[in-house]
Amino acid sequence: MKVVVVTACPTGIAHTYMAAEKLTEAALSQGHDVKVETQGAMGIENEITPLDIEEADIALFAVDIAVEGEDRFGDLKVVKVPVAEAIRNPDAVMTQLGRSVSVS
54 MKVVVVTACP TGIAHTYMAA EKLTEAALSQ GHDVKVETQG AMGIENEITP LDIEEADIAL
114 FAVDIAVEGE DRFGDLKVVK VPVAEAIRNP DAVMTQLGRS VSVS
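Each residue of the sequence shown is one higher than the one before, starting from 54 at the first, in the numbering used here.
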């Protein structure tokens, strides 16, 4: 499965990057391709491109604020979880994504 992920928290510092790291590790350990965009205090980093979105099976927003450029994701199925959930249970979040793709 190819997953695109956006992480963002209100302050855009620690939790944004912690969620990105945990979700990347979980996705890779489950054999998924993953690209993670962070929307933090430094702005958008590792921006997800239109090609990334086109090739993706699903998008995950681990966010506690609105996603900048959410309209980019068009018809792609999007699952949203709180940042804390992504940090505490990244493997469970990725497993649930796999189930969401299988059901579609």
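Even for Gly, the Cβ is constructed at its ideal location relative to N, Cα and C. Quick caveat, the model's predicted, so the values are computed rather than measured.
Residue(s) in a DSSP beta bridge with residue i
i	result
Thr77	None; Thr77 has no bridge partner.
Thr60	Thr91 and Ala115
Asp144	According to DSSP, Asp144 bridges with nothing at all.
Endpoints, the alpha helix (DSSP H) within which residue i is located
i	result
Ile106	Pro103 to Glu108
Secondary structure of residue i, DSSP reduced to three states
i	result
Gly96	strand
Val154	helix
Asp128	coil
Endpoints, the beta strand (DSSP E) within which residue i is located
i	result
Ile111	Ile111 to Val116
Val132	Val131 to Val134
Inter-residue CB distance, residue i and residue j (contact presumed, cutoff 8 Å)
i	j	result
Asn99	Glu107	About 17 Å separates the two Cβ atoms, so there is no contact after all.
Val146	Leu76	7 Å
Pro143	Ala79	4 Å
Gln92	Val120	7 Å
Problem - Stretch-stretch touch, CB-based, cutoff 8 Å, three pairs: the segment 58-71 with the segment 102-121 - result: yes
Practice task
Inspect the CB distances between the segment 61-79 and the segment 132-141 and report whether three or more fall short of 8 Å.
Solution key: yes
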